[in-house]
Amino acid sequence: MAKRALVAGGGGFLGSHLCELLLSKGYEVVALDNFVTGRRANIENALKLGLKLVEADISKNFKVEGRFDEIYNLASPASPVDFKKMPIFILDTASAGHRNLLEIGREQKARVLFASSSEAYGDAEVHPQHEGYFGNVNPVGARGCYDEAKRFGEALSMAFHRQHGVETRLARIFNTYGPRMRPDDGRIIPNFFTQALKKQALTIYGDGSQTRSFCFVTDLARSLFMLMQSSEVMPVNCGNPTERTVLEMATIVNKMTGNTAGIRNLPLPENDPKVRRPDTAKLERVTGWKPEVSLEDGLAKAYEYFKMELKRNPSIEATVFQ
Ligand code: NAD
Ligand code: UDP
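Here the sequence shown is numbered in our numbering, starting from 366 and rising by one per residue.
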């Protein structure tokens, strides 16, 4: 009999790619989403391939028919624009919402994976970040609602594991990019491509020396699936360890798109992490995962996608803070 998976946040950027991966492996897949930040267009293809959709907010009462072997909780607004717009909703989603999914896991003896984040490390003082590092998070800063939501979600998973024996998995996801990102969600890749396609200067917050490590979305979805199959309960970093400065990314995007408008420096937002690179030794050890898509190939795919998005809706603009 086919395995059944529930993907909360299945209508989002990462969730929709994960649904497609699971369908390709023969799973019956149900996406659970309230489309607060997701888009129906993300799952058009998956729906044709047999994906079922349940529209609900995971932090409220909801009903999903049938039993599941695997529950992936990717439901959470995830971009800095969302941190400003809906901080309480973000906290509710990782607390009451994640608890609802853990209760299903407990009842049905299903595995439950929580999509945590590199933000659990905050403005890290250890580099690269390994899973044993407890982090440097400002709970009352602009990112506090998201960082603490992720840390709480991790703690809640461990509580259900220790108290009820639920088979929990914790994925600390690092910056991921690719088709289906919202062009106006304010993150670096959508901003740079949207600006470059409009022949605008790319906005760099601070001097651009801060670093991030970018993982292509299909590689990331694969790491979540592989982690779920493993027996590792403690947190595991999921991401690509190839690190670039923000300035390097701007130079690559301007070159790739032939944009001659250059760059524009703006003040650095509060608590913006200075460096970020996952130590992926544990992920490789417990799952055998390795990245398959190079930054060059991934950015070329992202470029094609943002071109299409802007063709569909030419009035889209990058979301720039300040
Ligand atoms: P996204 O906004 O595209 O996807 C999140 C999805 O969850 C959306 O479809 C949204 O409508 C849905 N959702 C949010 N709250 C919900 C709720 N209460 N009930 C039901 N559905 C809800 O974001 P994404 O980039 O695909 O991120 C997916 C997950 O991965 C998130 O948990 C995010 O925190 C985590 N993550 C992402 C990244 C990244 O680089 N994209 C990095 C670290 C962690
Ligand atoms: N960033 C930037 N210009 C932009 C958008 C983002 O310089 O138009 C910077 C941002 O300050 C951060 C990095 O790019 O240092 C990654 O930002 P993003 O919001 O994509 O991810 P996160 O900070 O959550 O890792």
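Backbone N, C-alpha and C fix where the C-beta goes; we use that ideal spot for every residue, glycine too. Just so we're clear, the structure is a prediction, and the values are computed from it rather than from any experiment.
Ligand 1 has no heavy atom closer than 7 Å to the beta-carbon of Ser680. For Arg609, the closest C-alpha among the options Asn465, Ser588, Phe579 is that of Phe579. Proximity to Ala475 across Gly431, Asp662, Pro606 peaks at Gly431, based on C-alpha coordinates. Of all C-beta pairs linking the segment 565-578 to the segment 628-644, three or more are shorter than 8 Å, placing the two stretches in contact. Taking each of Pro634, Cys603, Leu388 in turn and checking the Cα distance to Arg369, the smallest one comes out for Leu388.
CA-CA distance, Lys515 to Glu420, rounds to 23 Å. When C-beta atoms of the segment 674-683 are compared with those of the segment 592-612, fewer than three pairs fall below 8 Å, so the two segments do not count as touching. Looking from the CA of Asn407, the closest CA among Arg547, Ser596, Val429 belongs to Arg547.
When secondary structure is reduced to three states using DSSP, Gln494 falls in the strand class. A residue is called buried once 16 or more other Cβ atoms fall within 10 Å of its Cβ, and Gly530, having fewer, is exposed. Here the segment 587-594 makes contact with the segment 636-655; the two share three or more CB pairs at distances below 8 Å. In this structure, the straight-line span from the alpha carbon of Ile436 to that of Thr625 is close to 46 Å.
Counting along the chain, Asn602 sits inside the beta strand (DSSP E) bounded by residues 601-603.
By the neighbour-count criterion, in which a residue is buried when 16 or more other Cβ atoms sit within 10 angstroms of its Cβ, Pro600 is buried.
Taking a C-beta distance under 8 Å as the contact criterion, Val598 and Thr533 qualify as a contact pair. Under DSSP, the beta-bridge partners assigned to Ser481 are Arg537. If you check the CB distance, Gly506 and Asn399 do not come in under 8 Å. For Asp457, the enclosing alpha helix (DSSP H) starts and ends at 452-457. A direct Cα-to-Cα measurement between Lys417 and Glu490 gives close to 43 Å.
CA-to-CA, the gap between Leu562 and Glu657 works out to about 27 Å.
Ile538 has its Cβ nearer than 7 Å to a heavy atom of ligand 1. A direct Cα-to-Cα measurement between Asn619 and Glu661 gives close to 13 Å.
Taking 8 Å as the cut-off, the beta carbon of Ala665 is found no closer than this to the beta carbon of Phe558.
A contact between stretches requires three or more CB pairs, one per stretch, nearer than 8 Å, and the segment 444-455 fails this requirement with the segment 475-488. Judged by DSSP in its simplified three-state form, Glu657 adopts coil rather than helix or strand. Annotation for Ser389: the continuous alpha helix (DSSP H) segment containing it runs 378-389. One thing to note: Ala566 has its Cβ no nearer than 8 Å to the Cβ of Glu519. Taking a C-beta distance under 8 Å as the contact criterion, Val446 and Gly551 qualify as a contact pair. In this structure, Arg642 has its beta carbon at no less than 7 Å from each heavy atom of ligand 2. Counting along the chain, Ile554 sits inside the alpha helix (DSSP H) bounded by residues 553-562. Runs of the beta strand (DSSP E) lying entirely within the segment 400-426 and spanning at least 3 residues, in chain order: 417-420. Within the DSSP secondary-structure output, Gly487 pairs in a beta bridge with Asn501.
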